[in-house]
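Accompanying notes for the structure given below.
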Amino acid sequence: MPTFEQLHPRFAARVTDVDLRDDLDDETFEALRQGFAKYSVLVFPDQPLNDEQHIAFSRRLGPLEATKVGSYGAGTPLVILSNIGEDGKVVPEAHKLNLVHKANSLWHSDSSFKPVTALASMLSAKIVPPEGGETEYAGMIAAWEDLPKEMKVKIEDRIAIHHFATSRNNTDKRLMTKAEYNELPPVEHPLVRDIPETGKRALYVGSHAGAIIGMSETEAKTLITELIGFATRPENVYTHKWSEKDAVLWDNRAVVHRGRPFARDKHARVMIRTTIAGEGSKDIVKVA
Ligand code: OGA
Ligand code: MN
2 MPTFEQLHPR
12 FAARVTDVDL
22 RDDLDDETFE
32 ALRQGFAKYS
42 VLVFPDQPLN
52 DEQHIAFSRR
62 LGPLEATKVG
72 SYGAGTPLVI
82 LSNIGEDGKV
92 VPEAHKLNLV
102 HKANSLWHSD
112 SSFKPVTALA
122 SMLSAKIVPP
132 EGGETEYAGM
142 IAAWEDLPKE
152 MKVKIEDRIA
162 IHHFATSRNN
172 TDKRLMTKAE
182 YNELPPVEHP
192 LVRDIPETGK
202 RALYVGSHAG
212 AIIGMSETEA
222 KTLITELIGF
232 ATRPENVYTH
242 KWSEKDAVLW
252 DNRAVVHRGR
262 PFARDKHARV
272 MIRTTIAGEG
282 SKDIVKVA
């Protein structure tokens with residue numbers, strides 16, 4: 002049976018004594034599901050998954066998202082995060098493949114820009130740079146718990162507007178494509194969400210959020226920045242230093258994450274992700 006070892010006082014655990022390539026029995030899978038609910042981030046060292054095994058394990062958690070238009074892997078269940086170009090060499094710093102990593106370096110929750118947000122994401126590390134390129138996670142359940150009462154009252158019924166263009170245009174104006182504008186219109190999600198399995202509440206905000214309904218643009222942007230800043234205080238962050246073959250599974254309802262810089266024009270970094278679709282938040286109708 003899997004063993005869990007907590008990595009941060011409030012969330013995240015390392016999981017050993019399980020091989021994710023196996024067709025896990027229900028009891029083992031249930032233990033992992035409970036660990037996921039409890040810790041929000043599960044780090045599985047030394048899991049040499051191929052794409053098929055990665056997909057098979059992820060699918061047991063729920064239906065997988067198809068990778069959106071404009072991303073490497075579009076239309077498949079895999080997102081490929083790689084800075085290796087067609088010639089097999091690491092691309093220059095300003096190449097789109099590196100700008101994607103730069104955009105991922107802003108705190109975010111995956112697919113918060115979609116009508117149905119992601120339940121979970123699972124990254125499998127294929128090639129990691131010798132230095133940098135960590136992924137950081139901030140606990141949004143802890144963030145909600147720790148917010149001052151007045152702030153809780155101020156935000157608990159608020160709805161934020163998330164748009165893919167917000168994070169992309171804040172990274173590099175060249176990133177957002179026409180197809181992404183057409184296919185990913187702004188969506189609304191509550192700033193605070195309930196997690197049904199545990200009855201916990203979590204703050205829900207990140208780089209795709211650019212406005213709040215009923216608030217001026219300036220007030221909303223200031224509040225969003227303040228909330229992200231509060232949630233990602235160093236003591237509320239777990240930093241994962243990758244080794245090749247690590248797999249990390251996280252709950253996008255309960256954490257935000259960001260990639261850390263590395264010498265993007267020197268070292269290769271290749272990660273593959275699956276994204277498990279969520280149930281949608283309240284007021285949002287589930288789409289196919
Ligand atoms: C992701 C992501 C950050 C990283 O895969 O969703 O944001 O460190 N990755 O690669
Ligand atoms: Mn991400």
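Using the working numbering, read the sequence shown as starting at 2 and increasing by one per residue.
All C-beta atoms in this analysis are idealised placements derived from N, C-alpha and C, irrespective of residue type, glycine included.
Look at the Cβ atom of residue i, then the Cβ atom of residue j, and state whether they are nearer than 9 angstroms.
| i | j | result |
| --- | --- | --- |
| ASP247 | GLN48 | yes |
| SER113 | HIS190 | yes |
| ILE81 | ILE277 | no |
| GLU137 | GLY260 | yes |
| VAL238 | HIS9 | yes |
| ARG294 | ALA264 | For residue 294 there is no data in the structure shown, the boundaries of the chain being 2 and 289. |
| LEU224 | ILE156 | yes |
| PRO131 | HIS241 | no |
| THR172 | HIS209 | no |
| LEU228 | ALA143 | no |
| LEU120 | LEU79 | no |
Assuming residue i and residue j make a contact with CB atoms under 8 angstroms, what is their CB distance in whole Å?
| i | j | result |
| --- | --- | --- |
| GLY207 | VAL257 | 5 angstroms |
| ILE56 | LEU65 | 7 angstroms |
| ILE196 | ILE162 | The pair is not a contact, with the Cβ atoms about 22 angstroms apart (cut-off 8 angstroms). |
| ARG270 | VAL129 | 6 angstroms |
| LEU185 | PHE165 | 4 angstroms |
| GLY1 | PHE12 | Outside the modelled stretch of the chain, which goes from 2 to 289, sits residue 1, for which no answer is possible. |
| VAL188 | PRO116 | 5 angstroms |
Going by Cα to Cα distance, which pick from the options is closest to residue i?
| i | options | result |
| --- | --- | --- |
| TYR40 | PRO262, GLY260, VAL249 and HIS268 | VAL249 |
| THR226 | ILE128, GLU245 and LEU204 | LEU204 |
| TRP108 | PRO64, LEU148, PRO262 and GLU280 | PRO262 |
| PRO296 | HIS9, GLU137, ARG11 and PRO46 | This structure leaves residue 296 out entirely; the chain is present only between 2 and 289. |
| ASP266 | LYS115, GLY134 and THR223 | GLY134 |
| ARG22 | SER59, GLU31, ASN237 and ASN170 | SER59 |
| THR233 | LYS153, ASP147, LEU124 and ARG34 | ASP147 |
| GLU245 | LYS127, GLY86 and LEU98 | LYS127 |
| ILE85 | LYS150, SER110, GLY76 and LEU98 | LEU98 |
| THR17 | SER217, LEU33 and GLY76 | LEU33 |
Report the partner residues of residue i according to the DSSP bridge assignment.
| i | result |
| --- | --- |
| ALA203 | ARG194 |
| TRP108 | TRP108 is not bridged to any residue. |
| ARG259 | GLU137 |
| GLU189 | ILE162 |
Answer yes or no: does any C-beta atom of chain D fall closer than 9 angstroms to that of residue i?
| i | result |
| --- | --- |
| ALA119 | You won't find chain D in this structure, because it holds only one protein chain. |
So does the stretch 177-192 actually touch the stretch 64-71, counting three or more Cβ pairs closer than 8 angstroms?
yes
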